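First the structure, in the form of structure tokens, and then the observations on it.
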Amino acid sequence: MKKSLFIILSCMLAAFIITGCSEDSDNNSGNSSTGTEGGNTTLDYSKELTGTYEITFFGTQVTNAKGNNETIVGMADLMYISNDCAKAKELYPDIIDINMKNQCPTEDNDGNPQKGIAELLDGIAVVSIENNKLKMSSRVQLAGQIMDTFAPADKYQFTEYYETTGLSGKGVKGWNYDADNNKPSAQPLDFPNSPYSLSVLDDGSVRIDLTLVGKSVNAMRMGIITVDAKTTVIMQKKNDSTTPLENAIQKPFSVN
1 MKKSLFIILS
11 CMLAAFIITG
21 CSEDSDNNSG
31 NSSTGTEGGN
41 TTLDYSKELT
51 GTYEITFFGT
61 QVTNAKGNNE
71 TIVGMADLMY
81 ISNDCAKAKE
91 LYPDIIDINM
101 KNQCPTEDND
111 GNPQKGIAEL
121 LDGIAVVSIE
131 NNKLKMSSRV
141 QLAGQIMDTF
151 APADKYQFTE
161 YYETTGLSGK
171 GVKGWNYDAD
181 NNKPSAQPLD
191 FPNSPYSLSV
201 LDDGSVRIDL
211 TLVGKSVNAM
221 RMGIITVDAK
231 TTVIMQKKND
241 STTPLENAIQ
251 KPFSVN
């Protein structure tokens with residue numbers, strides 16, 4: 001990918017991170033594609049689901065872009081944001097790098113190998129069952145020049161999923177990065193109509209599929225558009241602890 005094109009595409013990153021806490025707006029429904037992972041089955045309460053998990057993969061596909069600026073709307077799905085582009089291509093062979101859409105390069109601008117567009121500094125989730133309801137929260141910290149330049153607020157993500165009585169639900173709220181004070185934002189933003197589901201893979205890891213519905217983005221500072229962001233998270237269980245996550249930055253961000 002040429003450097004000039006990559007820079008233009010990078011400007012869209014603020015829209016595309018895992019559950020990016022940008023300004024909320026009216027919720028829009030949209031279609032998104034389903035990935036493949038051998039041996040997916042639906043989890044149930046008989047499985048040992050509760051515990052603390054390490055997030056190993058995330059990826060986000062932008063769909064249903066709407067707005068008055070047709071140029072920006074048309075560019076919204078050019079990139080697929082992930083910490084592991086090779087894994088993204090394995091999961092979504094019919095989506096990644098197809099017809100110049102959902103591009104996820106495995107090389108940087110100079111042709112050097114790179115694993116993903118963003119580096120995952122911290123990724124952890126906790127799943128518990130209380131009063132026969134599933135509760136889940138996650139914390140993600142991202143790094144990289146693109147994040148620093150174009151999506152500083154999305155460098156930190158703390159997300160709480162609305163409780164559910166099954167293994168699919170609707171609604172999340174999240175905090176992001178307050179760069180002025182180097183801490184999480186004081187107030188969360190709510191996305192009440194965003195559906196999510198859990199499944200288990202052959203290797204025992206747990207997969208979350210979330211469609212963040214109606215995220216408002218000031219794309220390239222050229223105008224507000226709304227998007228739906230379909231996010232895939234894969235995580236491995238670390239232990240059985242259900243101690244609530246701390247909403248706090250875990251690793252220092254590098255100073256550019």
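Position 237 of the sequence shown, counted from 1, bears residue number 237 in the UniProt record's numbering, the numbering being contiguous throughout. Idealized CB from N, CA, C, for every residue including glycine. Since we're looking at a predicted model, the values are computed, not measured.
Contact between Q250 and T56 is absent: CB atoms are separated by about 16 Å, not below the 8 Å threshold. Annotation: the segment 207–244 contains the following complete segments of the beta strand (DSSP E) (minimum length 3 residues), in chain order: 224–239. Between G166 and F191, the C-beta gap is not smaller than 8 Å, which leaves the two residues out of contact. Fully enclosed alpha helix (DSSP H) runs of no fewer than 4 residues occupy 70–75 and 85–91 of the segment 60–132, in order along the chain. Per DSSP, the beta bridge partners of I55 are M235.
Annotated three-state conformation of D180 is coil, per DSSP.
Per the C-alpha coordinates, the member of T226, P244 and A248 positioned closest to E70 is T226.
Beta-bridge partners of T159 (DSSP): S138 and G174.
In the structure shown, P152 falls within a helical segment according to DSSP collapsed to helix, strand and coil. For L167, there is no enclosing beta strand (DSSP E), as DSSP gives it neither H nor E. In this structure V206 touches Y53 by the C-beta definition: roughly 6 Å separates them, less than 8 Å.
In this structure, P113 sits away from C85, with a CB-CB distance that is not shorter than 8 Å. G123 sits close to V140, with the two beta carbons spaced by under 8 Å. In terms of Cβ geometry, E119 and A88 do not form a close pair [threshold 8 Å]. Between Q157 and the set T164, S199 and E246, the nearest pair of CA atoms involves E246. CA-CA distance, N176 to L134, rounds to 23 Å.
With respect to the 8 Å criterion, L201 and T231 are not classified as neighbours on the basis of their beta carbons.
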